[in-house]
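**Student:** Quick one: this structure, given as structure tokens, is what I'll be asking you about.
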Amino acid sequence: MKPIKSIQGVLLLAAGVSASAASATDLNINGKVVSSPCIVDTASVSRDVDFGQLIIKKDLATAGAGGDWKSFEVRLNNCPATVSSVIANFTGTPAQEDATLYSNSGTATHVGVQLVTDVDKTVVLAPGSQLSADVDAQRSAVYELAARPYTTSGEVTPGSLVSLTQINFTYQ
Numbered sequence: 113m114k115p116i117k118s119i120q121g122v123l124l125l126a127a128g129v130s131a132s133a134a135s136a137t138d139l140n141i142n143g144k145v146v147s148s149p150c151i152v153d154t155a156s157v158s159r160d161v162d163f164g165q166l167i168i169k170k171d172l173a174t175a176g177a178g179g180d181w182k183s184f185e186v187r188l189n190n191c192p193a194t195v196s197s198v199i200a201n202f203t204g205t206p207a208q209e210d211a212t213l214y215s216n217s218g219t220a221t222h223v224g225v226q227l228v229t230d231v232d233k234t235v236v237l238a239p240g241s242q243l244s245a246d247v248d249a250q251r252s253a254v255y256e257l258a259a260r261p262y263t264t265s266g267e268v269t270p271g272s273l274v275s276l277t278q279i280n281f282t283y284q
């Protein structure tokens, strides 16, 4: 009897192997067809926000100190009638000492860039953040933002401040 059970086990195993080799695989492909996206206003593309010259002893003397806010806006125009809101996805390299800041690739140390909404500067737009804007009657979406240099420690060294933030848009 034992030899028969062993043979059945081998036959079932062989049948399972051949069945899995012949099984079908489902491939789900999906997407969303929309009209053309909004057009990023040319004044918003590759925007420079210049903080000017900062003085370490005055502006960035202690950890958690920030320079003056610089307000700016990113504007999308000619949004299609099918788009009611736009989500901005903020990406960039977080500062090593504080992930809520964008890193400085310049020569100054222990300083990054803090990005917020201009209306409520407590809404920090750290790398990985999202912000939604409604499309208005003129078919535009506007993001009013502000940025400032922000120190992570009181040991800031003089040098340049260079930071890059990328914004990708998702249309709703």
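In the numbering used here, the protein residues as written are 113 to 284. For every residue, glycine included, the Cβ atom is placed at its ideal position computed from N, Cα and C.
Taking a contact to mean a Cβ-Cβ separation below 8 Å, would you say F202 touches L237 in this structure?
**Tutor:** As a first step, residue 202 is located in the sequence shown; it is residue number 90 there, counting from the start. As a first step, residue 237 is located in the sequence shown; it is residue number 125 there, counting from the start. Contact flag set, yes.
**Student:** With contact counted as at least three CB pairs below 8 Å, one residue from each stretch, are the segment 248-264 and the segment 176-193 in contact?
**Tutor:** Verdict: yes, contact present.
**Student:** Taking 8 Å as the threshold, find out whether the segment 268-278 comes into contact with the segment 220-235 through three or more Cβ pairs.
**Tutor:** Yes, since at least three Cβ pairs between the segment 268-278 and the segment 220-235 fall closer than 8 Å, the two stretches touch.
**Student:** Would you check if the distance between the CB atom of S215 and the CB atom of D246 is smaller than 8 Å?
**Tutor:** Here residue 215 corresponds to residue number 103 of the sequence shown, with the count starting at 1. Here residue 246 corresponds to residue number 134 of the sequence shown, with the count starting at 1. Their beta carbons are not under 8 Å apart, which means S215 does not touch D246 by this criterion.
**Student:** Could you tell me which residues DSSP puts in a beta bridge with A200?
**Tutor:** As a position in the sequence shown, residue 200 is number 88, starting the count at 1. DSSP, once it has assigned bridges, lists L243, F281 as partnering A200.
**Student:** Curious, which full-length beta strand (DSSP E) runs of at least 3 residues does the segment 156-195 contain?
**Tutor:** You should have 182-189.
**Student:** Using the Cα positions of A258 and I151, report the straight-line distance between them to the nearest angstrom.
**Tutor:** Locating residue 258 in the sequence shown gives position 146, where the first residue counts as 1. Locating residue 151 in the sequence shown gives position 39, where the first residue counts as 1. Those two C-alpha atoms are separated by around 22 Å.
**Student:** Buried or exposed, going by whether 16 or more other CB atoms sit within 10 Å of the CB of L188?
**Tutor:** Reading the sequence shown from its first residue, position 76 is the one you call residue 188. Buried.
**Student:** Less than 8 Å between the CB atoms is what I'm expecting for A220 and V268, so what's the real figure, rounded?
**Tutor:** Position 108 of the sequence shown holds residue 220. Position 156 of the sequence shown holds residue 268. Their Cβ separation, rounded to whole angstroms, is 6 Å, which keeps A220 and V268 in contact under 8 Å.
**Student:** According to the Cβ coordinates, are Q242 and A200 closer than 8 Å?
**Tutor:** Here residue 242 is taken as the residue at index 130 of the sequence shown, counted from 1. Here residue 200 is taken as the residue at index 88 of the sequence shown, counted from 1. Result yes, Cβ atoms of Q242 and A200 sit closer than 8 Å.
**Student:** For P270, which beta-bridge partners are listed by DSSP?
**Tutor:** Sequence index remark: in the sequence shown, residue 270 carries index 158 (1-based). DSSP output for P270 lists no bridge partner at all.
**Student:** What is the residue span of the beta strand (DSSP E) that L257 lies within?
**Tutor:** For this step, residue 257 is matched to residue 145 along the sequence shown. Element bounds for L257: 253-263.
**Student:** Should F184 and V157 be called a contact, given that it needs their Cβ atoms to be closer than 8 Å?
**Tutor:** Within the sequence shown, the letter at position 72 stands for residue 184. Within the sequence shown, the letter at position 45 stands for residue 157. Contact: no.
**Student:** Going by C-alpha distance, which of I168, T234, C191, D171 is nearest Q250?
**Tutor:** Residue numbering aside, residue 250 sits at position 138 when the sequence shown is read from its first letter. For Q250, the nearest C-alpha among the options comes from C191.
**Student:** Considering only residues of the same chain and omitting the five flanking positions on each side of T205, which have a CB-CB separation below 6 Å?
**Tutor:** For the purposes of this step, residue 205 is taken as the residue at position 93 of the sequence shown. S215, listed in sequence order.
**Student:** Whole angstroms are fine: how far does the CA of L172 sit from the CA of G218?
**Tutor:** For the purposes of this step, residue 218 is identified with residue 106 of the sequence shown, where counting begins at 1. For the purposes of this step, residue 172 is identified with residue 60 of the sequence shown, where counting begins at 1. Computed Cα separation, rounded: 16 Å.
**Student:** Can you tell me whether D210 is buried or exposed? The criterion is at least 16 other CB atoms within 10 Å of its CB, across all chains shown.
**Tutor:** For this step, residue 210 is matched to residue 98 along the sequence shown. The residue is buried, with at least 16 neighbouring Cβ atoms inside 10 Å.
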